[in-house]
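Residue numbering for the sequence shown follows this note's numbering, beginning at 9 and increasing consecutively. Note that the Cβ used here is the ideal one computed from N, Cα and C, for glycine as well. Being a predicted model, the structure only gives us computed values, none of them experimental. Worksheet for the structure shown next.
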Amino acid sequence: MTTNKTPRIPTLAALGALAVLAGGAADAHADRALDQQPAVRNRLLLVAKRLEATPLFEATINADFRAIIGGGLKLEYHLGDMLSFGAIGVFSASVNTKLTDRVLDTLEEECGEAAGCMNDQTREPSNTEFAQHLNKMPFHGAAYLSLTPWYGKLAAFGRAFVNFDFYFQGGVAFANLTSSCDGDICNDPHPGLNDPEAMITPDDNPNNDAPLNNGFRPGLYLGGGIHVFINDFLAVDLAVRDYAFTDNPSGADFNADLFVDDSDSRFLHHLFAGVGVSIMLPAKVKRTR
Numbered sequence: 009m010t011t012n013k014t015p016r017i018p019t020l021a022a023l024g025a026l027a028v029l030a031g032g033a034a035d036a037h038a039d040r041a042l043d044q045q046p047a048v049r050n051r052l053l054l055v056a057k058r059l060e061a062t063p064l065f066e067a068t069i070n071a072d073f074r075a076i077i078g079g080g081l082k083l084e085y086h087l088g089d090m091l092s093f094g095a096i097g098v099f100s101a102s103v104n105t106k107l108t109d110r111v112l113d114t115l116e117e118e119c120g121e122a123a124g125c126m127n128d129q130t131r132e133p134s135n136t137e138f139a140q141h142l143n144k145m146p147f148h149g150a151a152y153l154s155l156t157p158w159y160g161k162l163a164a165f166g167r168a169f170v171n172f173d174f175y176f177q178g179g180v181a182f183a184n185l186t187s188s189c190d191g192d193i194c195n196d197p198h199p200g201l202n203d204p205e206a207m208i209t210p211d212d213n214p215n216n217d218a219p220l221n222n223g224f225r226p227g228l229y230l231g232g233g234i235h236v237f238i239n240d241f242l243a244v245d246l247a248v249r250d251y252a253f254t255d256n257p258s259g260a261d262f263n264a265d266l267f268v269d270d271s272d273s274r275f276l277h278h279l280f281a282g283v284g285v286s287i288m289l290p291a292k293v294k295r296t297r
């Protein structure tokens, strides 16, 4: 009696190879299908295609002589999740810093021989001269582009959840500066320095020179912050902003050449910390698929 034995090993190998090929094809198809899916399903589009109106408050964090404190409005339109453009304007008041108060306490009210303060020797200003040379910033602002690369959700004790995002801004800054040095104090334009043919000899006293630190100042703007969403259309906006432009906050002879002119101004960074409440319009938020 003869027995026909079929080789089993090649058959099993062939079946295994077919299974591997089929599995690879299925995986490739699944990968292509996943590539076409959104990274996060049913995600709230909290900023995309929305107008953001933000009443805000901000104050300087690096002022030497006068702190700038004010309120204003930020308007921003979000083209998508990441890119937006906007503008900000702030009306401000100025308050003397502790440094300024300490300096004023050390100065005489009026300089002169009777007061024991001789400008032609010490170059020390009077209390009034120093105060009137300082400038203020009643209005400032910026126009900018904004990038929002990160967003997510925060959880407190596993129960309270809030959405947030981080943003960075860059653009142009502007500021209106004012100073209050009147003709009784700032009465020497130093014509001998500007006009070689002038017959008037400069007095080498910068304390009676105009501070030249007022007017419109354009510059550069950088900012960054975070939105913490209270609900679908309200968010707390926390930011740090840098308005950089040419300024001479003291209005004094910064380069020590015994007179005040434009060379005493420097390109300075005016840093502000701000807080606001962002209102997103339209109020109804969209979701991804």
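Buried or exposed by the 16-neighbour rule on C-beta atoms within 10 Å, applied to residue i
i           : result
residue 137 : buried
residue 221 : buried
residue 250 : buried
residue 121 : A caution first: residue 121 carries a pLDDT of 46, below 50, which makes its placement in the model too unreliable to give a value.
residue 173 : buried
residue 226 : exposed
residue 149 : buried
residue 224 : exposed
residue 82  : buried
residue 166 : exposed
residue 277 : exposed
Whole-Å CB distance - residue i paired with residue j, under 8 Å assumed
i           : j           : result
residue 142 : residue 259 : 6 Å
residue 186 : residue 144 : 5 Å
residue 246 : residue 238 : In fact, because the Cβ distance is near 13 Å, the residues do not count as touching under 8 Å.
For residue i, the nearest candidate out of the options (CA to CA)
i           : options               : result
residue 73  : 156, 104, 236 and 286 : 104
residue 261 : 270, 253 and 254      : 270
residue 192 : 140, 113, 276 and 233 : 140
residue 57  : 98, 283, 82 and 93    : 93
residue 254 : 284, 64 and 184       : 184
residue 135 : 248, 112 and 181      : 112
residue 194 : 273, 116 and 267      : 267
residue 279 : 265, 69 and 75        : 69
residue 101 : 263, 77 and 235       : 77
residue 257 : 178, 168, 179 and 275 : 275
residue 53  : 218, 80, 171 and 263  : 171
residue 285 : 189, 95 and 63        : 63
residue 153 : 131, 181 and 147      : 181
Considering only residues of the segment 227-273, which uninterrupted beta strand (DSSP E) runs meet the minimum length of 3 residues and lie entirely inside it, listed in chain order? 242-255
Pairs of beta-carbons, one from the segment 289-296 and one from the segment 77-90, closer than 8 Å: are there three or more? no
Does the structure place the segment 212-220 close enough to the segment 152-164 that three or more beta carbon pairs sit under 8 Å? no
Any chance you could list the beta strand (DSSP E) runs of at least 3 consecutive residues sitting entirely within the segment 57-108, in chain order? 59-68, 74-86 and 91-104
Complete runs of the beta strand (DSSP E) confined to the segment 121-183 [at least 3 residues]: 143-164
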